[in-house]
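Participant: Each residue of the sequence shown is one higher than the one before, starting from 161 at the first, in this note's numbering.
Every residue, glycine too, gets a C-beta built ideally from N, C-alpha and C.
Here it is, the structure in full.
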Amino acid sequence: MAKPFSDDLRERVVGAVTREGLSWRAAAERFGIGISTAIDWVRRFRDTGRLGPGQMGGHGINS
């Protein structure tokens, strides 16, 4: 499974969109991430005020 992106990168992407007024596409190109990733990060920040990654992997169902 891939590692989540750093909090620093998330902060820079969200800041570029929210403070600098860059589009999601422009921010994604600037930082070398996917457009959908930039959209997800900005939406998560606007909805929750948090930048950290969501849960990775399953939900821990034990057999």
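Under a three-way DSSP split, which group does leucine 169 fall into?
Facilitator: Helix.
Participant: Cβ atoms of threonine 197 and alanine 188: under 8 Å apart, would you say?
Facilitator: Taking 8 Å as the Cβ cut-off, alanine 188 and threonine 197 qualify as a contacting pair.
Participant: Can you tell me which of the three DSSP states glutamate 180 falls into?
Facilitator: Glutamate 180 falls in the coil class under three-state DSSP.
Participant: Roughly how many angstroms lie between the CA atoms of glycine 175 and alanine 162, to the nearest whole one?
Facilitator: If you take the alpha carbons of glycine 175 and alanine 162, they lie about 24 Å apart.
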